[in-house]
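> Residue numbers (this note's numbering): 302 to 492. Beta carbons are placed, not taken as given, at the ideal position from N, Cα and C, and that holds for glycine. Next up is a structure, given as structure tokens.
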């Protein structure tokens with residue numbers, strides 16, 4: 302929740318007039334607690350990782366993967382860890398350059414860590430016990446990305462927050478990170 306009751310207080314704290322985006326953010330978030338702002342990412346993940354691929358998974362395999370119902374609950378209980386990471390919700394909003402630099406760091410860190418974790422998931426034990434569920438889809442397609450064992454969802458979800466742990470950001474950048482990552486993951490599984 303923003304520590305300002307009025308726009309005048311926010312502008313006084315900033316030492317300048319609010320930009321259009323900051324004014325819109327102020328009007329939207331002034332009365333919302335931080336956890337409500339964080340939970341905006343849950344519908345995005347629910348749509349991308351559960352609802353969109355569900356018909357395909359049901360058609361191809363007769364049942365959804367065990368990871369599909371785990372994404373939302375993980376997000377619902379992860380708010381305290383996000384606060385520990387230093388994700389902020391107040392003013393000022395990040396500049397486009399700041400958000401772009403943070404997203405660049407997040408993509409580099411996540412890509413590096415995910416590559417090595419994915420490589421480990423192709424070892425004999427991990428493939429047989431965990432990763433083979435993901436490879437039930439034999440043809441490359443975007444919505445095969447979230448079709449995985451629940452353990453793999455937890456393991457591959459960890460690199461997602463390492464970047465924000467290294468370089469904390471604003472909640473709007475955090476939302477953009479999750480949307481961008483979902484797009485990239487679907488694209489990389491598209492062949």
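(1) When DSSP builds the beta bridges, which residues end up paired with residue 389?
(2) What number of angstroms, rounded off, separates the C-alpha of residue 396 from the C-alpha of residue 480?
(3) How many whole angstroms separate the CB atoms of residue 434 and residue 450, which I take to be in contact at a CB cut-off of 8 angstroms?
(4) Given that a residue counts as buried once 16 or more other Cβ atoms are within 10 Å of its Cβ, and exposed if not, what is residue 398?
(5) Which of the three DSSP states, helix, strand or coil, is assigned to residue 432?
(6) What's the C-alpha gap between residue 428 and residue 411?
(7) Is residue 458 helix, strand or coil when you go by DSSP?
(8) What is the residue span of the alpha helix (DSSP H) that residue 330 lies within?
(9) Any idea what DSSP makes of residue 303, helix, strand or coil?
(10) Taking the CB atoms as reference points, tell me whether residue 387 and residue 334 lie closer together than 8 angstroms.
(11) Near residue 452, what residues of its chain come up, given a Cβ to Cβ distance below 6 angstroms and the 5 sequence neighbours on each side ignored?
(12) Out of curiosity, what's the CA-to-CA distance linking residue 338 and residue 330?
(13) Give the single residue among 315, 310, 461, 304 whose Cα lies nearest to the Cα of residue 382.
(14) Would you mind working out which of 304, 322, 440, 310 sits nearest residue 491, comparing C-alpha positions?
(15) From this set, 336, 340, 341, 306, which residue's C-alpha is nearest residue 324's C-alpha?
(16) With distances taken from CA atoms, which of 392, 342, 443, 474 is nearest residue 489?
If we stick to the structure as given:
(1) Your numbering for residue 389 matches position 88 in the chain shown. DSSP lists 471 as partners of residue 389.
(2) Numbered from its first residue, the chain shown carries residue 396 at position 95. Numbered from its first residue, the chain shown carries residue 480 at position 179. If you take the alpha carbons of residue 396 and residue 480, they lie about 18 angstroms apart.
(3) Counting from 1 along the chain shown, the entry for residue 434 is found at position 133. Counting from 1 along the chain shown, the entry for residue 450 is found at position 149. Yes, they are in contact, since the Cβ atoms of residue 434 and residue 450 sit about 4 angstroms apart, within 8 angstroms.
(4) Position 97 of the chain shown, counted from the start, is the residue given in the question as residue 398. Its Cβ having fewer than 16 others within 10 Å, residue 398 is exposed.
(5) The residue given as residue 432 occupies position 131 in the chain shown. Correct three-state label for residue 432: helix.
(6) Here residue 428 refers to the residue found at position 127 of the chain shown. Here residue 411 refers to the residue found at position 110 of the chain shown. For residue 428 and residue 411, the distance between alpha carbons rounds to 21 angstroms.
(7) For the purposes of this step, residue 458 is taken as residue 157 along the chain shown, with counting starting at 1. Looking at residue 458 - three-state DSSP - the assignment turns out to be helix.
(8) Taking the first residue of the chain shown as 1, we reach residue 330 at position 29. Start and end: 321-330.
(9) As a first step, residue 303 is located in the chain shown; it is residue number 2 there, counting from the start. In the structure shown, residue 303 sits in coil (DSSP, three-state: anything other than H, G, I, E or B).
(10) In the chain shown, counting from the first residue as 1, residue 387 sits at position 86. In the chain shown, counting from the first residue as 1, residue 334 sits at position 33. No, these two residues do not count as a Cβ contact at 8 angstroms.
(11) To locate residue 452, count along the chain shown from 1; it is residue 151. Same-chain partners within the cutoff: 431.
(12) Mapped onto the chain shown, residue 338 falls at position 37. Mapped onto the chain shown, residue 330 falls at position 29. Roughly 8 angstroms between the two C-alpha positions.
(13) What you label residue 382 is simply residue 81 of the chain shown in a count that begins at 1. Comparing Cα-Cα distances from residue 382 to each of 315, 310, 461, 304, the minimum goes to 461.
(14) Locating residue 491 in the chain shown gives position 190, counting from the first residue. Selected option, being the one with the closest Cα: 440.
(15) Taking the chain shown and counting its residues from 1, the one referred to as residue 324 is at position 23. Of the candidates 336, 340, 341, 306, the one whose C-alpha sits nearest the C-alpha of residue 324 is 306.
(16) Locating residue 489 in the chain shown gives position 188, counting from the first residue. Closest option to residue 489, Cα to Cα, is 443.
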